[in-house]
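Student: Going down the list, the sequences are from chains A and B.
Per the working numbering, the first sequence starts with residue 1, numbered consecutively.
Per the working numbering, the second sequence starts with residue 1, numbered consecutively.
Where a beta carbon is used, it is the ideal one built from N, C-alpha and C, also for glycine.
There are 2 protein chains.
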Amino acid sequence: MNISDVAKYAGVSKTTVSRVLMNSGLVKVETRDKVLKAIREMNYVPNTSAQMLAKKHNKIIGVICGYDVSDPFFGAMNNYIFDACRKCGYLALFASSNGESDGCDDEIAMLYGKVDGYILCGQKNNLPKNVEKIIDMKMPVALFKIKYVKKGAISVDIDNRKGGELAAEYLYGKGYRKIGYMGSVQSGFQESCERHDGFAEALSQHGLKIKMYFEAKRDNRTAYKFADKVIKSGVDAVFCDTDMMAYGLVYALQKKGISIPKDIAVLGFDDVHFLNFEPAVLLSTVSQPMQKMASCIVKAIIGKIEDDIPYGESQVFDCRIVERETT
Amino acid sequence: MNISDVAKYAGVSKTTVSRVLMNSGLVKVETRDKVLKAIREMNYVPNTSAQMLAKKHNKIIGVICGYDVSDPFFGAMNNYIFDACRKCGYLALFASSNGESDGCDDEIAMLYGKVDGYILCGQKNNLPKNVEKIIDMKMPVALFKIKYVKKGAISVDIDNRKGGELAAEYLYGKGYRKIGYMGSVQSGFQESCERHDGFAEALSQHGLKIKMYFEAKRDNRTAYKFADKVIKSGVDAVFCDTDMMAYGLVYALQKKGISIPKDIAVLGFDDVHFLNFEPAVLLSTVSQPMQKMASCIVKAIIGKIEDDIPYGESQVFDCRIVERETT
DNA sequence: TTCTGTATTGAAACCGCTACCATTTAGAAG
DNA sequence: CTTCTAAATGGTAGCGGTTTCAATACAGAA
Numbered sequence: 001m002n003i004s005d006v007a008k009y010a011g012v013s014k015t016t017v018s019r020v021l022m023n024s025g026l027v028k029v030e031t032r033d034k035v036l037k038a039i040r041e042m043n044y045v046p047n048t049s050a051q052m053l054a055k056k057h058n059k060i061i062g063v064i065c066g067y068d069v070s071d072p073f074f075g076a077m078n079n080y081i082f083d084a085c086r087k088c089g090y091l092a093l094f095a096s097s098n099g100e101s102d103g104c105d106d107e108i109a110m111l112y113g114k115v116d117g118y119i120l121c122g123q124k125n126n127l128p129k130n131v132e133k134i135i136d137m138k139m140p141v142a143l144f145k146i147k148y149v150k151k152g153a154i155s156v157d158i159d160n161r162k163g164g165e166l167a168a169e170y171l172y173g174k175g176y177r178k179i180g181y182m183g184s185v186q187s188g189f190q191e192s193c194e195r196h197d198g199f200a201e202a203l204s205q206h207g208l209k210i211k212m213y214f215e216a217k218r219d220n221r222t223a224y225k226f227a228d229k230v231i232k233s234g235v236d237a238v239f240c241d242t243d244m245m246a247y248g249l250v251y252a253l254q255k256k257g258i259s260i261p262k263d264i265a266v267l268g269f270d271d272v273h274f275l276n277f278e279p280a281v282l283l284s285t286v287s288q289p290m291q292k293m294a295s296c297i298v299k300a301i302i303g304k305i306e307d308d309i310p311y312g313e314s315q316v317f318d319c320r321i322v323e324r325e326t327t
Numbered sequence: 001m002n003i004s005d006v007a008k009y010a011g012v013s014k015t016t017v018s019r020v021l022m023n024s025g026l027v028k029v030e031t032r033d034k035v036l037k038a039i040r041e042m043n044y045v046p047n048t049s050a051q052m053l054a055k056k057h058n059k060i061i062g063v064i065c066g067y068d069v070s071d072p073f074f075g076a077m078n079n080y081i082f083d084a085c086r087k088c089g090y091l092a093l094f095a096s097s098n099g100e101s102d103g104c105d106d107e108i109a110m111l112y113g114k115v116d117g118y119i120l121c122g123q124k125n126n127l128p129k130n131v132e133k134i135i136d137m138k139m140p141v142a143l144f145k146i147k148y149v150k151k152g153a154i155s156v157d158i159d160n161r162k163g164g165e166l167a168a169e170y171l172y173g174k175g176y177r178k179i180g181y182m183g184s185v186q187s188g189f190q191e192s193c194e195r196h197d198g199f200a201e202a203l204s205q206h207g208l209k210i211k212m213y214f215e216a217k218r219d220n221r222t223a224y225k226f227a228d229k230v231i232k233s234g235v236d237a238v239f240c241d242t243d244m245m246a247y248g249l250v251y252a253l254q255k256k257g258i259s260i261p262k263d264i265a266v267l268g269f270d271d272v273h274f275l276n277f278e279p280a281v282l283l284s285t286v287s288q289p290m291q292k293m294a295s296c297i298v299k300a301i302i303g304k305i306e307d308d309i310p311y312g313e314s315q316v317f318d319c320r321i322v323e324r325e326t327t
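This is how it looks when you write it as structure tokens:
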């Protein structure tokens with residue numbers, strides 16, 4: 001069943017049916033109703049590929065994620081992106097490279113022709129090359145939470161440095177003076193470096209230094225193992241620049257009988273909803289406006305797709321402290 | 001740039017290029033090489049929509065999930081499905097209804113025309129109606145881990161009852177005799193009911209009964225709150241029919257100074273990899289062969305899509321015990 | 001040399017929809 | 001009752017592939 005059948009049934013031309021379908025507005029009201037009735041009665045759904053072929057786009061945005069989606073933080077992130085797309089009538093087609101492959105050439109190729117634009121998120125190798133490639137293909141690209149500014153590519157991120165400052169100010173304000181930092185600066189995680197810099201700088205404004213730095217991976221497993229070192233270091237608060245770390249640490253400290261936040265306070269970063277199950281770990285954290293950010297990037301890329309709107313190339317969002325029970 | 005350009009460049013007809021593209025085999029070797037060379041040199045990629053329009057399919061499978069994807073178990077599940085699709089040259093297009101809406105009519109409609117078949121997974125309302133609807137649309141449907149058998153719909157699941165039995169036998173074998181059960185039988189979760197039945201039955205074979213039943217939601221939060229009740233009940237082991245529950249319980253018990261498994265053993269169900277971070281909670285559990293299952297369902301539905309292969313309508317997999325440190 | 005059969009190739013129709021342009025219709029103005 | 005203009009509708013050419021069917025080439029057989 002196709003548009004011609006509907007046209008025949010409604011006693012009009014294909015063109016008119018198409019116009020009704022597209023809400024083009026130049027159809028007499030009664031004709032429109034006749035067509036709509038036919039569509040309803042025949043249970044007709046237009047063929048997406050044909051539309052795409054004619055219109056040159058799909059209403060699908062490709063999302064290439066360089067992370068493990070079973071990590072609640074990223075799972076939630078994908079959800080936000082999905083919802084933002086849906087609100088605009090788009091679908092999100094996810095492809096995860098799991099950060100394994102060298103770059104994400106495969107993923108880009110897999111999605112090519114099926115999507116109207118690409119959102120890249122998470123850590124990946126060869127990022128510049130990949131972005132370049134997508135731009136060469138004349139496809140819209142947007143970078144979500146990636147530190148890389150490139151003319152022609154939309155970019156949405158938080159101000160990590162400011163986030164770090166915020167954390168430091170907060171802990172200082174609460175009276176903590178022997179403050180530790182857990183992050184992944186040495187392994188070169190940009191976001192960690194920036195948060196660290198902001199944090200250190202803000203502390204130094206108060207004449208303080210980071211009492212002890214703990215280099216961990218960005219997960220709960222390694223953070224967990226640091227419990228003893230943290231205790232021995234004599235800090236009264238630790239800022240973990242990822243909730244997953246904070247979470248692992250809190251868990252380990254609690255198990256060792258440390259009272260949180262009385263003995264040691266813990267502050268996270270990300271606000272991973274899934275982890276904050278009452279009453280176990282009501283983690284204090286630096287929260288990112290993920291929903292707004294997702295909505296922003298999706299709208300920007302759709303603007304680019306549909307109207308080639310010149311968008312603000314780079315959007316930076318602020319974080320805020322969410323005080324719960326670990327500080 | 002399109003197939004005609006390539007044809008012109010290579011000095012052959014569109015048809016020949018198309019044949020090369022499709023590996024149809026009726027092209028002379030040297031012609032084929034010529035065409036391949038042209039394709040390579042021009043960096044040509046065929047237009048997916050056009051292919052789809054002509055061939056009648058997309059190489060995309062729609063996955064409608066009625067759960068929260070930021071739950072690590074489901075996040076991982078989606079990953080397995082994605083990988084299985086990719087191995088077969090397909091893409092998975094996820095749409096999550098988050099179990100909120102009445103059924104998943106919206107999701108089915110959103111994906112219509114973009115996908116070659118549907119995989120439904122997770123709890124949802126109005127399941128039979130939705131399955132019926134998809135069958136009426138003449139689209140392949142497959143049900144993943146859903147208890148509903150319908151002629152015309154592929155179904156892949158584990159044997160939950162047997163899983164329950166396995167758990168009981170295992171705990172009994174380890175010498176536990178005062179065994180508790182935490183599940184969602186009263187709220188009517190099919191999978192929980194079946195696991196519970198199998199568990200209870202296997203215990204009764206040994207002249208035992210479930211010492212205490214705890215009705216919880218299928219997450220860590222509520223399970224956490226049961227710690228006191230569990231302790232007071234005097235059990236020496238608890239079988240939680242979901243890892244998330246087991247996890248919440250273990251956490252709470254440890255925090256209260258209970259030694260696991262010496263004082264109380266805990267056995268989970270699902271084998272959620274993400275939660276098993278060393279050395280915090282190395283949860284003993286009933287593991288499902290998720291990877292195999294995902295691969296099975298994807299192959300079945302692709303068979304249906306491509307060759308209308310009469311597939312085994314219903315596949316049931318077995319679980320196995322994974323012993324770690326909580327038993 | 002001519003004929004027959006098979007291996008290659010190409011022309012054109014088609015997939016279902018949109019977009020451009022032409023045509024018809026209706027209503028207002030003269 | 002024309003004439004003119006704007007609104008409504010229809011015809012048809014793409015979009016970029018695949019597929020059917022016909023045409024050609026070439027080999028071996030008669």
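Out of 118/B, 71/B, 72/B, 88/B, point me to the one whose CA is closest to residue 94/B's CA.
Tutor: Ranking 118/B, 71/B, 72/B, 88/B by Cα distance to residue 94/B puts 118/B first.
Student: Quick check: what's the CA-CA separation for residue 308/B versus residue 152/B?
Tutor: Between residue 308/B and residue 152/B, the C-alpha separation is close to 11 Å.
Student: Please classify residue 196/A: is it buried, with 16 or more other beta-carbons within 10 angstroms of its beta-carbon, or exposed?
Tutor: Buried, since its Cβ has 16 or more Cβ neighbours within 10 Å.
Student: Within a Cβ cutoff of 7 Å, which residues of the same chain sit near residue 1/B, ignoring the five residues on either side of it in sequence?
Tutor: Closer than 7 Å at the Cβ level, and outside the excluded window around residue 1/B, lie 42, 44.
Student: Please indicate yes or no: does the CB of residue 83/B lie closer than 7 Å to some heavy atom of the ligand PLP?
Tutor: The ligand content of the structure shown is nil, which means the ligand PLP is not present either.
Student: Do residue 84/A and residue 314/A count as a contact pair if the criterion is CB distance below 8 Å?
Tutor: The answer is no: Cβ separation not under 8 Å.
Student: Could you please give me the residues that DSSP links to residue 285/B through a beta bridge?
Tutor: DSSP lists 268/B, 322/B as partners of residue 285/B.
Student: Determine, using beta carbons only, whether residue 284/A and residue 323/A come nearer to each other than 8 Å.
Tutor: Yes, the pair counts as a contact, with Cβ atoms nearer than the cut-off.
Student: Against chain A, which members of the stretch 19-50 of chain B pass a CB distance test of less than 8 Å?
Tutor: From the stretch 19-50 of chain B, only 45, 46, 47, 48, 49, 50 have a Cβ closer than 8 Å to chain A.
Student: Around the Cβ of residue 35/B, are there at least 16 other Cβ atoms within 10 angstroms (buried) or fewer (exposed)?
Tutor: So residue 35/B ends up on the buried side.
Student: Since residue 72/A and residue 272/A are thought to touch, with beta carbons under 8 Å apart, how far apart are those beta carbons, to the nearest angstrom?
Tutor: About 5 Å separates the two Cβ atoms, so the contact holds.
Student: For residue 238/B, does the three-state DSSP call read helix, strand or coil?
Tutor: Strand at residue 238/B.
Student: I need the straight-line Cα distance from residue 21/A to residue 148/A, nearest angstrom please.
Tutor: About 40 Å.
Student: Report yes if the CB atom of residue 165/A is closer than 8 Å to the CB atom of residue 201/A, and no otherwise.
Tutor: Yes, the pair counts as a contact, with Cβ atoms nearer than the cut-off.
Student: Using the Cβ count rule (16 or more neighbours within 10 Å means buried), how would you classify residue 58/A?
Tutor: Burial call: buried.
Student: So residue 254/A contacts chain B; which residues on that side make the cut at Cβ distance below 7 Å?
Tutor: By Cβ distance, chain B contributes 255.
Student: Starting from residue 156/A, trace the beta strand (DSSP E) both ways and give me its first and last residue.
Tutor: From DSSP, the beta strand (DSSP E) with residue 156/A extends over 153-158.
Student: Based on the DSSP output, what are the partners of residue 61/B in its beta bridges?
Tutor: Paired residue(s): 92/B, 117/B.
Student: Counting beta carbon pairs with one atom in the stretch 58-70 of chain A and one in the stretch 250-261 of chain A, are three or more of them shorter than 8 Å?
Tutor: No, they do not touch.
Student: Can you find a C-beta in chain A that's less than 8 Å from the C-beta of residue 79/B?
Tutor: Residue 79/B counts as touching chain A.
Student: If we count the other Cβ atoms within 10 Å of its Cβ and call it buried at 16 or more, is residue 128/B buried or exposed?
Tutor: Exposed: under 16 other Cβ atoms inside 10 Å.
Student: Report the CB separation of residue 37/B from residue 140/B in whole angstroms; it is logged as a contact under 8 Å.
Tutor: The pair is not a contact, with the Cβ atoms about 38 Å apart (cut-off 8 Å).
Student: Is residue 138/A buried or exposed, if buried means 16 or more other CB atoms sit within 10 Å of its CB?
Tutor: It is exposed - the Cβ of residue 138/A has fewer than 16 other Cβ atoms within 10 Å.
Student: Would residue 142/A and residue 267/A be called neighbours here (beta carbons separated by less than 8 Å)?
Tutor: No; because the gap between Cβ atoms is not below 8 Å, this pair is not in contact.
Student: Which residue marks the beginning of the beta strand (DSSP E) containing residue 315/A, and which one marks its end?
Tutor: Run containing residue 315/A: 314-317, per the beta strand (DSSP E) assignment.
Student: Measure the Cβ-Cβ separation of residue 239/A and residue 189/A and say whether it is below 8 Å.
Tutor: No; because the gap between Cβ atoms is not below 8 Å, this pair is not in contact.
Student: Helix or strand or just coil, what does DSSP make of residue 185/A?
Tutor: Coil.
Student: Among 76/B, 125/B, 92/B, 121/B, which one has its Cα closest to the Cα of residue 114/B?
Tutor: Of the listed residues, the one whose Cα sits closest to residue 114/B is 92/B.
Student: Which residues in chain A have a C-beta closer than 7 Å to the C-beta of residue 289/B? List them in chain order.
Tutor: Correct list: empty, because the minimum Cβ distance to chain A is about 17 Å.
Student: Quick check: the stretch 175-194 of chain A against the stretch 3-20 of chain B, are at least 3 beta-carbon pairs closer than 8 Å?
Tutor: Because the criterion of three Cβ pairs below 8 Å is not met, the stretch 3-20 of chain B and the stretch 175-194 of chain A do not touch.
Student: Can you tell which of 145/A, 103/A, 209/A has the C-alpha that lies nearest to the C-alpha of residue 133/A?
Tutor: Comparing Cα positions, the closest option is 103/A.
Student: Measure the alpha-carbon distance for residue 279/B versus residue 135/A and round it to whole angstroms.
Tutor: Model confidence at residue 279/B stands at a pLDDT of 46, short of 50, so the residue's coordinates are unreliable; what they give is reported in the following sentence. Approximately 45 Å, taken between the alpha carbons.
Student: Decide if residue 191/A is buried, meaning its Cβ has at least 16 other Cβ atoms within 10 Å, or exposed.
Tutor: With 16 or more Cβ atoms within 10 Å of its Cβ, residue 191/A is classed as buried.
Student: Just to make sure I have the definition right: I need the residues of chain A whose C-beta is within less than 9 Å of the C-beta of residue 213/B. Which are they?
Tutor: Within chain A, no residue comes near residue 213/B; the closest Cβ sits about 22 Å away, beyond 9 Å.
Student: Measure from the C-beta of residue 69/A to each C-beta in chain B and report whether the shortest distance is under 8 Å.
Tutor: Yes, contact with chain B.
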